[in-house]
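Visitor: In full-length UniProt numbering, the protein residues as written are 1 to 707. Beta carbons: idealized from backbone N, C-alpha and C, even for Gly. The following block contains the structure, expressed as structure tokens.
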Amino acid sequence: RHPAAICGVWQGTQIYTENEFDAYIIVSFVNATLVLSIGETVEEVTDSGFLGTTPTLSCSLLGEDALVQVYPDGIRHIRADKRVNEWKTPGKKTIVRCAVNQRQVVIALTGGELVYFEMDPSGQLNEYTERKEMSADVVCMSLANVPPGEQRSRFLAVGLVDNTVRIISLDPSDCLQPLSMQALPAQPESLCIVEMGGVQKQDELGEKGTIGFLYLNIGLQNGVLLRTVLDPVTGDLSDTRTRYLGSRPVKLFRVRMQAQDAVLAMSSRSWLSYSYQSRFHLTPLSYETLEYASGFASEQCPEGIVAISTNTLRILALEKLGAIFNQVAFPLQYTPRKFVIHPETNNLILIETDHNAYTEATKAQRKQQMAEEMVEAAGEDERELAAEMAAAFLNENLPEAIFGAPKAGSGQWASLVRMINPIQGNTLDLVQLEQNEAAFSVAVCRFSNGGDDWYVLVGVARDMILNPRSVGGGYIYTYRLVGGGDKLEFLHKVSVTGNDLILYVFDISFKKSLLFLFLQHVPNLVTGIHTIGQRVIVSDVQESLFWVRYRRNENQLIIFADDTYPRWVTTACLLDYDTMAAADKFGNICIVRLPPNTSDDVDEDPTGNKALWDRGLLNGASQKVEVSSTLITQLSHRSRKDLWHRAGLTTCSSLFLSVWLVLRLLFSLRTLRDLHPKTFGRSPHSNLFLKPQQQILSSCQRSLCAD
């Protein structure tokens, strides 16, 4: 960490290109430049040739054995033998923007004047005879890397304050001539020309590179990233793609990933644009906000990133490309059911519950009981040996991760409450519940008469049987968060009845219920409750979501809206006052929203007898929600196979039922003919009518026999 404000950072390659690792890190401040050498330790270098009394705009490896430093008053060309060639800006002009690569340097002076430098075969940096005056001030520039086997990059991208990007030619035949222009919706902040999506190539001299497509990445000040295809022959811009990255201006930096160029975009969040397995990816980085970055290569980190964040120099490495999420697994004892986040410490409070399992206390009791039975079952002569075996049995600890946990049987539950630090993954506190107590819900809250303390409430079912569903009772455990929010202090537990559709309201003491509300017309089982204001959104295990309004004056819960589709909701999330996101047991996710004309004002009942449900629609609420979007997840191979198997069974069952109905109809007609011969006599017409029936019957019987 440096006390001064860092405004830029670059990697500096060793003076000889045979060294594939970087030797310097150049850090620019507002009024100085710091050069750090990379080795076993990071130390400051004073004889690198860089001018340390001025800020650095950019620096790069130039050719095979030289470095270039661009600063506001000029350019320093540092040769391998420490000789320095310096170019000064004319008059009182200063360099405001620049773009450099391995063989070219382009600078923009105050007033919008472009000056172009190119390295000749002898390694000398020469200025082009003509200069280019731009129509507006230059705010950003970019040069692509020199392609393998070529002397220069043919295009220069320049961003102006008039919300345009212009492509300038650097070919000797039409140097500094405009080729194309693209208007932008906002002022550009940074540009980056990269070659992506290509294949490896090696030229006659042995230089390796990639041949792909040129893309011009444009970062705007409104937080939008534009990616445009740059034609390698004409310099035309086409096929623009847009992506919003954040609320801050977008800064772009070229880095190396998987031996290919990639773009690191920095806004209020950092993003990486790269090509992986012949596909383009734009992935956010799970890291804090960065301000400046550059590619970095060392023995420990061959494809790293050196970056600045809050005046701190950091070296980063991306572990897995193509991974959408950055995930870390922490082992738990039982199956995690739900978790909540403590708002102040961001610690996770989880409830873990397993069926057909023992708690640790019950395991110890069972183990002690088995040891005593071993001693009691032994004879007098074997009593001493049995005691030794029992002691060895008690002292032996078999890891459940390897040998498995003992099976307790149906109706046996084990649960615990765990507080975990999500960053470190360590358990801060752990509370074991009693045997046959299954924790299914958890909440963290404050009480009006509880001061500033936070409380954790855990809902527990006792003696629960899954099929047929029955519950012996329930408890609500109350814990206070102490020790800075890292410990759980048990306060009390209160017993509640086993009715799934009764809502209780308690005070902090839980000694008595302040009120309890009977929630009608929830058909099956409540799987979740979400509240916002006076609204309560209830999810049912089979009948989707219900919007409920709490009537304070009459102490009632009234359902004023519901869904038209029977979703088997497993979890739901409140998005805003009128919108919910729900996921069902079949892996689908939907967004449902109340229509704009929906009213939850149910305080006045015009019927006078509280018969609000008599005005419902199709035995439901009087108002229905609208489905905004639905995401149907892709089935796995096994799920598809099982689905096709079920579909085949359904088709066979339908075919068999149809054949059975046809046969039943034919036999009924034959019975009517036998009972009423006058009406259904054996006349020639009736024989003509019955003969096709007999043919159909025979054909159906033959098909059934064949099946």
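1) Could you give the first and the last residue of the continuous alpha helix (DSSP H) run that contains T362?
2) Distance, Cα to Cα, E489 vs V482?
3) Under a three-way DSSP split, which group does F659 fall into?
4) May I have the straight-line CA-CA distance separating N145 from L214, to the nearest angstrom?
5) Which residues does DSSP pair with V548 in a beta bridge?
6) Pair every Cβ in the stretch 130 to 147 with every Cβ in the stretch 155 to 165, then say whether three or more of these pairs are closer than 8 Å.
7) Would you say R241 and R227 are within 8 Å of each other, going by their C-beta atoms?
8) Hey, quick one: how far does the beta strand (DSSP E) through E113 stretch, first residue to last?
9) What residues are listed by DSSP as bridge partners for T478?
10) Which residue comes first and which comes last in the alpha helix (DSSP H) that contains I402?
11) L385 lies in the alpha helix (DSSP H); which residues open and close that run?
12) Check this for me: beta carbons of G246 and H281, under 8 Å apart or not?
13) Name, in chain order, the residues that DSSP records as bridge partners for S58.
14) Kindly indicate the opening and closing residues of the beta strand (DSSP E) around V139.
15) Within the continuous beta strand (DSSP E) that includes D304, where are the two ends?
16) How is the beta strand (DSSP E) around P284 delimited, first residue to last?
17) What residues are listed by DSSP as bridge partners for N126?
18) Taking 8 Å as the cut-off, decide whether the C-beta atoms of V30 and L313 are in contact.
19) Could you compute how far the alpha carbon of D614 sits from the alpha carbon of A621?
20) Where do the ends of the beta strand (DSSP E) carrying K338 lie?
21) For L428, count neighbouring Cβ atoms within 10 angstroms of its own Cβ and tell me buried if that reaches 16, exposed if not.
22) With H, G and I counted as helix, E and B as strand and the rest as coil, what does DSSP make of D174?
23) According to DSSP, which residues form a beta bridge with G219?
24) Using the three-state DSSP reduction, which class does Y287 fall into: helix, strand or coil?
25) Count the other CB atoms within 10 Å of the CB of T56; is the residue buried (16 or more) or exposed (fewer)?
26) Have a look at Q124, E195, V115 and flag the residue whose alpha-carbon is nearest the alpha-carbon of S169.
27) Can you tell me whether DSSP reads T345 as helix, strand or coil?
28) From which residue to which residue does the beta strand (DSSP E) around E437 run?
29) In this structure, how does DSSP classify C573 when only helix, strand and coil are distinguished?
30) Could you compute how far the alpha carbon of Y71 sits from the alpha carbon of G112?
Guide: With the given structure in hand:
1) As a first step, residue 362 must be located in the sequence shown, where it is residue number 362. Its alpha helix (DSSP H) spans residues 360 to 377.
2) Within the sequence shown, residue 489 is the residue found at index 489, counting from 1. Within the sequence shown, residue 482 is the residue found at index 482, counting from 1. Computed Cα separation, rounded: 7 Å.
3) Here the question's residue 659 lines up with position 659 in the sequence shown. Correcting the residue type first, residue 659 is Val in the shown sequence and not Phe. In this structure, V659 counts as helix in the three-state DSSP scheme.
4) For the purposes of this step, residue 145 is taken as residue 145 along the sequence shown, with counting starting at 1. For the purposes of this step, residue 214 is taken as residue 214 along the sequence shown, with counting starting at 1. Rounded to the nearest angstrom, the two C-alpha atoms are 10 Å apart.
5) As a working mapping, residue 548 is identified with position 548 in the sequence shown. The partner list for V548 (beta bridge, DSSP) reads V536, I559.
6) yes
7) Your numbering for residue 241 matches position 241 in the sequence shown. Your numbering for residue 227 matches position 227 in the sequence shown. The answer is yes: Cβ separation under 8 Å.
8) On the sequence shown, residue 113 is found 113 positions in, with the first residue counted as 1. Note, E113: beta strand (DSSP E), 113 to 119.
9) Translated into positions along the sequence shown, residue 478 becomes position 478. In the DSSP output, where bridge partners are listed per residue, T478 has L457, H492.
10) Numbered from its first residue, the sequence shown carries residue 402 at position 402. Segment 400 to 403, the alpha helix (DSSP H) holding I402.
11) Along the sequence shown, one-based indexing puts residue 385 at 385. Here the alpha helix (DSSP H) through L385 covers 383 to 395.
12) In the sequence shown, counting from the first residue as 1, residue 246 sits at position 246. In the sequence shown, counting from the first residue as 1, residue 281 sits at position 281. Contact: no.
13) The residue you call residue 58 lines up with position 58 of the sequence shown. As a beta-bridge residue in DSSP terms, S58 pairs with V70.
14) Residue numbering aside, residue 139 sits at position 139 when the sequence shown is read from its first letter. That run of the beta strand (DSSP E) goes 138 to 143.
15) As a working note, residue 304 is residue 304 in the sequence shown. The identity of residue 304 in the sequence shown is Gly, whereas the question assumes Asp. Where G304 is concerned, the enclosing beta strand (DSSP E) stretches over 304 to 309.
16) For this step, residue 284 is matched to residue 284 along the sequence shown. That run of the beta strand (DSSP E) goes 279 to 284.
17) Within the sequence shown, residue 126 is the residue found at index 126, counting from 1. For N126, which the question treats as bridged, DSSP gives the partners E118.
18) Within the sequence shown, the letter at position 30 stands for residue 30. Within the sequence shown, the letter at position 313 stands for residue 313. Not in contact: V30 and L313 (Cβ atoms no closer than 8 Å).
19) The residue labelled residue 614 in the question sits at position 614 within the sequence shown. The residue labelled residue 621 in the question sits at position 621 within the sequence shown. Below a pLDDT of 50, predicted positions are generally treated as unreliable, and D614, at 46, falls in that range; the measurement from the model is reported next regardless. Each residue's Cα considered, the two are about 9 Å apart.
20) If you number the sequence shown from 1, residue 338 lands on position 338. Segment 336 to 341, the beta strand (DSSP E) holding K338.
21) Counting from one through the sequence shown, the residue named residue 428 turns up at place 428. With 16 or more Cβ atoms within 10 Å of its Cβ, L428 is classed as buried.
22) By one-based count along the sequence shown, residue 174 stands at place 174. Note: D174 maps to helix in three-state DSSP.
23) Counting from 1 along the sequence shown, the entry for residue 219 is found at position 219. Partner residues in the beta bridge of G219, as assigned by DSSP, are S190, L225.
24) Taking the sequence shown and counting its residues from 1, one reaches residue 287 at position 287. Here Y287 sits in coil by DSSP.
25) In the sequence shown, the residue the question calls residue 56 occupies position 56. Classification of T56: buried, given that the 10 Å Cβ count is 16 or more.
26) The residue labelled residue 169 in the question sits at position 169 within the sequence shown. For S169, the nearest C-alpha among the options comes from V115.
27) Numbered from 1 along the sequence shown, position 345 holds the residue referred to as residue 345. In this structure, T345 counts as coil in the three-state DSSP scheme.
28) Position 437 of the sequence shown, counted from the start, is the residue given in the question as residue 437. E437 -> beta strand (DSSP E) spans 437 to 445.
29) Here residue 573 refers to the residue found at position 573 of the sequence shown. Note: C573 maps to strand in three-state DSSP.
30) Taking the first residue of the sequence shown as 1, we reach residue 71 at position 71. Taking the first residue of the sequence shown as 1, we reach residue 112 at position 112. Going by the C-alpha atoms only, they are around 17 Å apart.
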